[in-house]
Amino acid sequence: MKSRNMNLLGGLPRIFLGRQRSGASTPEGIGAGTTAHHHSDPHVRKPHTTLADLHRGDSGTIQSIGGTSTARLHLMEMGLTPGTRVRVVRLAVFGGPLDIQVRGYRLSLRREEARAILLQPSHS
Amino acid sequence: MNQITHDRKKNLSHFKSDTKSLVPSQSRVVNTIALVGNPNSGKTTVFNALTGLRQKVGNYPGVTVEKKQGTVHLGHGHNAIVLDLPGLYSLTPRSPDEAIAREVLLGLRSDTPMPDLVLNIVDATNLDRNLYTTGQLLELGVPVIVVLTMTDLLERDGHRVNAELLSARLGVPVCEVVTSRKHGLDQLKRLIATTTPRDHNIAGASGHDDTRFQNDLEHAATIIEGRYTWIAGITEGVVERVTVTRHERRAVDEKIDRVVMHPVWGYVIFLVTMAVLFQAIFSWVQAPMDWIRAAMQTLGVAIGSVLPAGDLRALLQDGVIAGVGNTLVFLPQILLLFFFITLLEDTGYMARAAFLMDRLMSRVGLHGKSFIPLVSSFACAIPGIMATRTIGDRKARLITILVAPLMSCSARLPVYALMIGAFIPGKAILTIGPLVVLTLPGLVLLSMYLLGMVAAFAIAWLFHRTLIRGEAPTFVLELPSYHAPNLKNVMLQMLERAGLFLRRAGTVILSVSIVLWALATYPKHQELPQADRAAHSFVGMFGRTIEPAIAPLGFEWKMGIGIISSFVAREVFVSAMGTVYSVGDIGTEKAQFDLQQRMKADVNPATGAKVFTPLVAIALMVYYVLAMQCISTLAVVRRETNSWKWPLFQLGYMTVLAWVVTFGVYQGGKLLGLQ
Numbered sequence: 007m008k009s010r011n012m013n014l015l016g017g018l019p020r021i022f023l024g025r026q027r028s029g030a031s032t033p034e035g036i037g038a039g040t041t042a043h044h045h046s047d048p049h050v051r052k053p054h055t056t057l058a059d060l061h062r063g064d065s066g067t068i069q070s071i072g073g074t075s076t077a078r079l080h081l082m083e084m085g086l087t088p089g090t091r092v093r094v095v096r097l098a099v100f101g102g103p104l105d106i107q108v109r110g111y112r113l114s115l116r117r118e119e120a121r122a123i124l125l126q127p128s129h130s
Numbered sequence: 030m031n032q033i034t035h036d037r038k039k040n041l042s043h044f045k046s047d048t049k050s051l052v053p054s055q056s057r058v059v060n061t062i063a064l065v066g067n068p069n070s071g072k073t074t075v076f077n078a079l080t081g082l083r084q085k086v087g088n089y090p091g092v093t094v095e096k097k098q099g100t101v102h103l104g105h106g107h108n109a110i111v112l113d114l115p116g117l118y119s120l121t122p123r124s125p126d127e128a129i130a131r132e133v134l135l136g137l138r139s140d141t142p143m144p145d146l147v148l149n150i151v152d153a154t155n156l157d158r159n160l161y162t163t164g165q166l167l168e169l170g171v172p173v174i175v176v177l178t179m180t181d182l183l184e185r186d187g188h189r190v191n192a193e194l195l196s197a198r199l200g201v202p203v204c205e206v207v208t209s210r211k212h213g214l215d216q217l218k219r220l221i222a223t224t225t226p227r228d229h230n231i232a233g234a235s236g237h238d239d240t241r242f243q244n245d246l247e248h249a250a251t252i253i254e255g256r257y258t259w260i261a262g263i264t265e266g267v268v269e270r271v272t273v274t275r276h277e278r279r280a281v282d283e284k285i286d287r288v289v290m291h292p293v294w295g296y297v298i299f300l301v302t303m304a305v306l307f308q309a310i311f312s313w314v315q316a317p318m319d320w321i322r323a324a325m326q327t328l329g330v331a332i333g334s335v336l337p338a339g340d341l342r343a344l345l346q347d348g349v350i351a352g353v354g355n356t357l358v359f360l361p362q363i364l365l366l367f368f369f370i371t372l373l374e375d376t377g378y379m380a381r382a383a384f385l386m387d388r389l390m391s392r393v394g395l396h397g398k399s400f401i402p403l404v405s406s407f408a409c410a411i412p413g414i415m416a417t418r419t420i421g422d423r424k425a426r427l428i429t430i431l432v433a434p435l436m437s438c439s440a441r442l443p444v445y446a447l448m449i450g451a452f453i454p455g456k457a458i459l460t461i462g463p464l465v466v467l468t469l470p471g472l473v474l475l476s477m478y479l480l481g482m483v484a485a486f487a488i489a490w491l492f493h494r495t496l497i498r499g500e501a502p503t504f505v506l507e508l509p510s511y512h513a514p515n516l517k518n519v520m521l522q523m524l525e526r527a528g529l530f531l532r533r534a535g536t537v538i539l540s541v542s543i544v545l546w547a548l549a550t551y552p553k554h555q556e557l558p559q560a561d562r563a564a565h566s567f568v569g570m571f572g573r574t575i576e577p578a579i580a581p582l583g584f585e586w587k588m589g590i591g592i593i594s595s596f597v598a599r600e601v602f603v604s605a606m607g608t609v610y611s612v613g614d615i616g617t618e619k620a621q622f623d624l625q626q627r628m629k630a631d632v633n634p635a636t637g638a639k640v641f642t643p644l645v646a647i648a649l650m651v652y653y654v655l656a657m658q659c660i661s662t663l664a665v666v667r668r669e670t671n672s673w674k675w676p677l678f679q680l681g682y683m684t685v686l687a688w689v690v691t692f693g694v695y696q697g698g699k700l701l702g703l704q
């Protein structure tokens, strides 16, 4: 996962983000996608990077979507299908929603929803 | 509904008589058109451009989904019905909106004619996601014309959609429409007029019935992925770069958003917007509200001069005009509020505001978009509740509706003003030098507003945690590109809301006002002086009957009468008190003063204690903050939730809440030795 330093809070303390991200490290929807889990690779720092782990400006490619069935299908119908590139445009303060760019349009979703979106492991 | 059916017949007969000579009798033409498209795709603008003012709004029977329909003139006397289906991202029947759209398209609803043709509105700047719906429509097997909107925005970005290529790949006609330039509308109408409508005798393919896959997630997911793969093939090379521009729209959006969604400036802008909205619905419309009030009074006087004194005159003056008039006064506020809301929605700002407010609101189970309805409820809960239509999540919308009446509306203000004016001494509490910053009356008034807000959030949290379970709340919200607002859309939306409100005032509110008037008038005791008659009416009797229930709150039967009369509108409490204390027309300043003096002097004949004390006044205000005492609001909640269950529940929980809290305030105050 890329860890670019962020200054999105315009000088506000970084603690807020630190707290959110520690909560975000456990994906809710595991293995709901069509691809199998990637437990085999020991070099990957976290077994799953979710959309909620990305920083402002980061991009990723969707691997699979978890969560409840309705929420999952809803996100997929909005264009968040496996293989799609997403970019985090900004994050709201105090653990508020994410603003992402997907398929050429902007979408905002809550962190809980973003946590269910698993990304392909980055190759860096 | 009847009206819609009736109109349809009229249209059809009109069309038959007109076109017989022009069209050979065998050839069939399009009679019913459905508009389908994503939210923010410009669907409403196309609908307005096609139908003009020939449109009406209602509800699909049995559900809360809005039914909008209009008529389009296609030339040569050929008219067709246009159904504006709810904006949706998918036709998979998961939400009621999607279920209704699907049923209408498949001709499964007996209350709606089966569409012969679907106009699929597709935002050219957002082809991928918009074509998802197109794919689903094609699977349904209905005749489709793709209407490409926002091509002007795309052009500004230096791009162009190759409509011929898109049309060839989709296998359906594609028509570019730019409503602001009136471009493409005539071509679209010609296309519609020459399209062969769907043969109703042959059942269309019902497409992938996604309902069957509700239990088979993998299958449903595969279908969705398949549709997007299909879209990738369709759009390949369809958007062509024409020129290179420096100011690309998405980049401009992001530049604006860097300020508007900024963690500091974003909130400053939001608060200023809210302050303007609040100020506007409170004070800008005072003048028109006064005109309506004056017009109602004039009407009452006119009726008085025409009709002889008697029950009919009293019914019209005190029942109809007082009841409906008291509600009609809020019309200017409703118009202005919807002017602002449509403006915020149309420009794309509303989604940004929801983004900023969502964290705070979601803590208590509300939605980022709940904020504006709640703020509007400070003026009046009716427009506030009507404004919850913008909230996509059903659970969040319901909770917003349930707690909105806890915000202190402007009809409570006269009650607060009477009580504070009479019983709260005008002591200064906070002074800076010679400047009085806060007085005791000011503090009390502020506390009442705060109490309502705190109660609204606490109750929302409680309902979120206990009562309304079900699906997890979602906040998947598109952040549309910024647009200049379309004035015609804004105006039509305003008129539409005003019409819905007037229909309510003309039916439910009118009948309830008449019933309440009758209860306050009968049985008649002509032998008694005017002041005592109300006390012996049904309302008076009821006021006495509930005395044991309200005595623990410090209230006696006179307040009981006031509380019951308040169901017409809360400020009626003041005039009810005026009647009970017989000070005549409460409209004058002198009468207000007289009323305050008499209330202060009133003594309970049994105990010799004062009826009203500052503690009783506080208790009464607390009761008014929390109690559901507004028939008009209940009627609107009934309409918006489409059942009596929720308004009755709301009446129940708010009455219990008001009783319990007021009991605590009064008894606690007594224990502390307060008066």
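Protein chains in written order, with my numbering: chain A, 7 to 130; chain B, 30 to 704.
Here a beta-carbon is modelled for each residue, glycine too, at the ideal position from N, C-alpha and C.
Quiz item: Which of the three DSSP states, helix, strand or coil, is assigned to residue 326(B)?
Solution: In the structure shown, residue 326(B) sits in a helix (DSSP, three-state: H, G or I).
Practice problem: Pull up the distance between the alpha-carbon of residue 208(B) and that of residue 134(B), whole angstroms please. | Solution: Spanning the alpha carbons of residue 208(B) and residue 134(B) requires a straight line of approximately 25 Å.
Practice problem: Report the neighbours of residue 391(B) on chain A: residues whose CB is nearer than 8 Å to its CB, in chain order. | Solution: Within chain A, the residues near residue 391(B) are 116.
Self-check item: DSSP-derived helix/strand/coil call for residue 96(B)
Solution: In this structure, residue 96(B) counts as strand in the three-state DSSP scheme.
Quiz item: In terms of residue numbering, what span does the alpha helix (DSSP H) encompassing residue 255(B) cover?
Solution: Note, residue 255(B): alpha helix (DSSP H), 246 to 264.
Quiz item: If you draw a straight line from the alpha carbon of residue 487(B) to that of residue 393(B), how long is it in whole angstroms?
Solution: Cα to Cα, residue 487(B) sits roughly 8 Å from residue 393(B).
Exercise. Kindly say whether residue 112(A), judged by its beta-carbon, lies nearer than 7 Å to any beta-carbon of chain B.
Key: Closer than 7 Å to some Cβ of chain B, the Cβ of residue 112(A) qualifies, so yes.
Exercise. Might you give, ordered along the chain, the residues of its own chain that have their beta carbon closer than 7 Å to the beta carbon of residue 526(B), omitting 5 neighbours on each side?
Key: Counting only Cβ-Cβ distances below 7 Å, and skipping sequence neighbours, we find 363, 367 and 415.
Quiz item: Quick one: Cα of residue 520(B) to Cα of residue 72(B), how far?
Solution: In this structure, the straight-line span from the alpha carbon of residue 520(B) to that of residue 72(B) is close to 16 Å.
Exercise. Under 7 Å Cβ to Cβ from residue 454(B), same chain only, skipping five residues before and after it: list those, please.
Key: Excluding residues within five positions, the ones whose Cβ falls inside 7 Å are 469.
Self-check item: Spatial distance of residue 704(B) from residue 633(B) (CA atoms)
Solution: Going by the C-alpha atoms only, they are around 15 Å apart.
Quiz item: From residue 128(A) to residue 67(A), what distance separates their C-alpha atoms?
Solution: Whole-angstrom Cα-Cα distance: 9 Å.
Exercise. Could you work out which residues of chain A lie near residue 118(B), taking near to mean beta carbons separated by less than 7 Å?
Key: The answer, in chain order, is 83 and 84.
Practice problem: Could you list which residues in chain A have their beta carbon closer than 8 Å to that of residue 504(B), in chain order? | Solution: Near residue 504(B) (Cβ distances below 8 Å), the residues of chain A are 103, 114, 115, 116 and 119.
Practice problem: State the start and end residues of the unbroken alpha helix (DSSP H) segment that holds residue 85(B). | Solution: Looking at the DSSP string, residue 85(B) is not in any alpha helix (DSSP H); the run it does join, the beta strand (DSSP E), is 84 to 88.
Self-check item: Proximal chain B residues relative to residue 95(A), where beta-carbon distance stays under 8 Å
Solution: Chain order gives the chain B residues near residue 95(A) as 283 and 286, where near means a beta carbon separation below 8 Å.
Quiz prompt | Neighbour-count burial assignment, residue 673(B), 16 or more Cβ in a 10 Å radius | solution = Looking at its Cβ environment, which holds fewer than 16 other Cβ atoms inside 10 Å, residue 673(B) is exposed.
Quiz item: Which residues in the same chain have their Cβ closer than 6 Å to the Cβ of residue 234(B), if we skip the five residues on either side of it in sequence?
Solution: Reliability fails at residue 234(B), whose pLDDT of 49 lies under 50, so the model's placement of it is uncertain and the value that follows must be treated cautiously. Beyond the five residues adjoining it in sequence on each side, residue 234(B) comes within less than 6 Å, by CB distance, of 170 in the same chain, given in chain order.
Practice problem: Please decide whether residue 508(B) counts as near chain A, where near means a Cβ-Cβ distance under 7 Å. | Solution: It does: the Cβ of residue 508(B) has a partner Cβ on chain A nearer than 7 Å.
Practice problem: Spatial neighbours of residue 565(B) within its chain, please: CB distance less than 6 Å, with the 5 preceding and 5 following residues excluded, ordered by chain position. | Solution: Hits under 6 Å: 554.
Practice problem: Please state whether DSSP places residue 585(B) in a helix, a strand or coil. | Solution: If DSSP states are grouped into helix, strand and coil, residue 585(B) belongs with coil.
Practice problem: Kindly indicate which three-state DSSP category residue 286(B) falls into: helix, strand or coil? | Solution: Residue state for residue 286(B) is assigned as helix, using DSSP reduced to three classes.
Self-check item: Per DSSP, cross-strand counterpart(s) of residue 112(B)
Solution: Beta-bridge pairing links residue 112(B) to 63(B) and 98(B).
Practice problem: Return the first residue and the last residue of the alpha helix (DSSP H) that residue 366(B) is part of. | Solution: Unbroken alpha helix (DSSP H) run through residue 366(B): 360 to 376.
Practice problem: Give the DSSP-derived three-state secondary structure of residue 140(B) in the structure shown. | Solution: Coil.
Quiz item: CB residue 625(B) to CB residue 451(B), shorter than 7 Å?
Solution: Yes, these two residues count as a Cβ contact at 7 Å.
Practice problem: Hey, could you find the ends of the alpha helix (DSSP H) residue 57(A) is sitting in? | Solution: No alpha helix (DSSP H) contains residue 57(A), which DSSP labels as neither H nor E.
Quiz item: Can you tell me the Cα-Cα spacing of residue 291(B) and residue 96(A), whole angstroms?
Solution: Roughly 9 Å between the two C-alpha positions.
Quiz item: With DSSP run on the structure shown, which of helix, strand or coil describes residue 314(B)?
Solution: The answer is coil: DSSP assigns residue 314(B) none of H, G, I, E or B.
Self-check item: Spatially closest choice to residue 152(B) from 189(B), 660(B) and 138(B), by CA coordinates
Solution: Ranking 189(B), 660(B) and 138(B) by Cα distance to residue 152(B) puts 189(B) first.
Quiz item: Thinking C-beta only, is residue 78(B) closer than 7 Å to residue 214(B)?
Solution: Contact annotation: residue 214(B) and residue 78(B) have beta-carbon atoms nearer than 7 Å.
Quiz item: Going straight from the alpha carbon of residue 56(A) to that of residue 537(B), what length do you get?
Solution: Approximately 52 Å between the Cα atoms of the pair.
Quiz prompt | Span separating the alpha-carbon of residue 694(B) from that of residue 608(B) | solution = Cα-Cα distance, rounded: 28 Å.
Practice problem: Tell me whether residue 165(B) sits in a helix, a strand or coil according to DSSP, three-state version. | Solution: Correct three-state label for residue 165(B): helix.
Exercise. Evaluate residue 661(B) with the Cβ neighbour count: other Cβ atoms within 10 Å of its Cβ, from every protein chain shown; 16 or more gives buried, anything less gives exposed.
Key: By the Cβ neighbour-count rule, residue 661(B) is buried, with 16 or more other Cβ atoms within 10 Å of its own.
Self-check item: Any C-beta of chain B under 7 Å from that of residue 87(A)
Solution: Yes, residue 87(A) counts as interfacial toward chain B.
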